[in-house]
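Working notes for the structure below.
Protein chains: 2
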Amino acid sequence: MTETTPQASDRSIDTQASGFEAVRQAHQSEMVEDYVELIAELIHQNGAARPVEIAERLGVTQPTVSKNLARLKREGFIEQIPYRSLQLTDAGRQLAEACRMRHRIVVEFLIALGVSPEVAEHDAEGIEHHVSEETLAVFKGFVRRTDETK
Amino acid sequence: MTETTPQASDRSIDTQASGFEAVRQAHQSEMVEDYVELIAELIHQNGAARPVEIAERLGVTQPTVSKNLARLKREGFIEQIPYRSLQLTDAGRQLAEACRMRHRIVVEFLIALGVSPEVAEHDAEGIEHHVSEETLAVFKGFVRRTDETK
DNA sequence: TCGATAAATTAGACAAGGCTAACTTTAATA
DNA sequence: TATTAAAGTTAGCCTTGTCTAATTTATCGA
Chain V
15 MTETTPQASD RSIDTQASGF EAVRQAHQSE MVEDYVELIA ELIHQNGAAR PVEIAERLGV
75 TQPTVSKNLA RLKREGFIEQ IPYRSLQLTD AGRQLAEACR MRHRIVVEFL IALGVSPEVA
135 EHDAEGIEHH VSEETLAVFK GFVRRTDETK
Chain U
15 MTETTPQASD RSIDTQASGF EAVRQAHQSE MVEDYVELIA ELIHQNGAAR PVEIAERLGV
75 TQPTVSKNLA RLKREGFIEQ IPYRSLQLTD AGRQLAEACR MRHRIVVEFL IALGVSPEVA
135 EHDAEGIEHH VSEETLAVFK GFVRRTDETK
């Protein structure tokens with residue numbers, strides 16, 4: 015019992031709880047974000063995005079992709095005609111673009127900081143979903159300053 | 015095709031898939047890590063860690079905590095006698111200490127970078143579970159250099 | 001010491017996101 | 001054009017982590 019005073023911790027209990035709540039929220043959107051981002055990437059790289067390739071890139075099975083795409087469709091992010099390339103709706107494109115930017119910033123930030131490119135990519139995949147606007151702005155500023163110094 | 019940005023284009027599909035796999039793995043351990051870390055914190059702050067307080071801090075209900083504690087017990091991280099304070103096993107203490115260190119480094123890193131303390135705490139909660147050893151070492155180095163400059 | 005209150009557990013439901021197995025549909029080609 | 005291989009879906013199961021409602025158990029103050 016080193017800290018005797020109850021307010022010894024600088025954070026209120028509510029603040030702490032809302033932090034954990036936010037993490038749970040983030041987990042809810044991760045799947046959707048990963049999918050739309052990947053679909054945009056595939057369309058950009060290959061001119062088409064197909065479920066089988068999403069499965070391969072994410073390292074999951076086709077039925078899993080099928081089920082998750084149904085959710086994306088239900089939520090209005092994609093349109094799908096079987097055996098044709100998936101298409102992003104306007105909302106989907108918008109979300110994908112935001113995710114792509116955020117992903118790029120996180121990766122570039124880590125690299126600017128001195129993390130190896132492979133690990134930067136790897137860690138960014140998990141980190142990007144938990145970076146607030148404020149932190150993202152700080153990352154961006156750091157990258158910009160580093161670039162200028164080069 | 016993939017314009018000037020360095021990433022995606024030169025990454026193998028396997029590497030990408032293993033990244034997503036790692037994120038899924040991380041999610042599996044998050045609960046355990048959050049709980050042992052919080053239990054250690056509560057013991058340190060209050061001299062005792064009780065399920066009801068864990069529920070409050072995490073912003074979840076008591077039955078949720080009850081169920082999750084059963085898993086921690088099953089996996090050998092805690093010992094529990096109802097209505098007594100939870101106790102960490104050696105393994106639990108070890109894990110808690112590692113998590114505490116990592117958490118501290120991430121928070122200090124974000125603050126050193128210029129993120130506000132509240133947001134740093136908030137974001138760290140989500141980020142910490144996705145930071146590799148390499149990246150953590152880089153964070154640590156950055157904090158050290160910043161401290162020296164002060 | 002006993003009874004009210006708070007703490008904890010149990011039971012049962014639900015949503016997400018994985019999986020395998022089995023099936024259907026499309027496309028490619030012989 | 002008829003077959004076959006690949007792509008996609010469906011059905012059904014599992015695990016995790018959440019919830020509410022109901023129940024049990026311990027503690028503490030009158």
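Residue numbers (my numbering), protein chains in the order written: chain V, 15 to 164; chain U, 15 to 164.
The beta-carbon is built from N, C-alpha and C at its ideal position, and this holds for glycine as well.
According to the DSSP assignment, F34(V) belongs to the alpha helix (DSSP H) that extends over 27–60. When I141(V), I53(V), P96(V) are compared, the shortest CA-CA separation from R107(V) is found for I53(V). For V37(U), the number of other beta carbons within 10 angstroms of its own is at least 16, and it is reported as buried.
Around the Cβ of Y97(V), a 10 Å sphere holds fewer than 16 other Cβ atoms; the residue is exposed.
Selection I68(V), L150(V), D137(V), T78(V) evaluated against G128(U) yields L150(V) as nearest (Cα-Cα).
The beta carbon of V157(U) sits closer than 6 Å to the beta carbons of E122, F123, A126 from its chain, once the five residues preceding and following it are set aside; these are given in chain order. By a beta-carbon distance limit of 8 Å, V133(V) contacts E148(U). Their separation comes to about 5 Å.
Boundaries of the alpha helix (DSSP H) around H136(U): 131–141. In the DSSP assignment, P77(U) falls within the alpha helix (DSSP H) that extends over 76–88. Here V46(U) is not near L102(U), since their CB atoms are 8 Å or more apart. Annotation: T160(V) to F153(U) spans about 16 Å, alpha carbon to alpha carbon.
If you draw a 10 Å sphere on the C-beta of G61(V), you find fewer than 16 other C-beta atoms in it, and that means exposed. By the neighbour-count criterion, in which a residue is buried when 16 or more other Cβ atoms sit within 10 angstroms of its Cβ, E89(U) is exposed. Listed along the chain, the chain V residues whose CB falls inside 8 Å of the CB of A112(U) amount to none; the nearest CB is some 17 Å away.
In the three-state reduction of the DSSP assignment, L102(U) falls in the strand class. The CB of Q30(V) comes closer than 7 Å to the CB of R71 in chain U, given here in chain order. For I92(V), the three-state secondary structure derived from DSSP is strand. Annotation: A40(V) to I92(V) spans about 20 Å, alpha carbon to alpha carbon. Check the Cα spacing between D137(V) and each of D28(U), S32(U), I27(U), S26(U): the tightest is with S32(U).
Following the DSSP letters along the chain, one finds R71(U) inside the alpha helix (DSSP H) bounded by residues 65–72.
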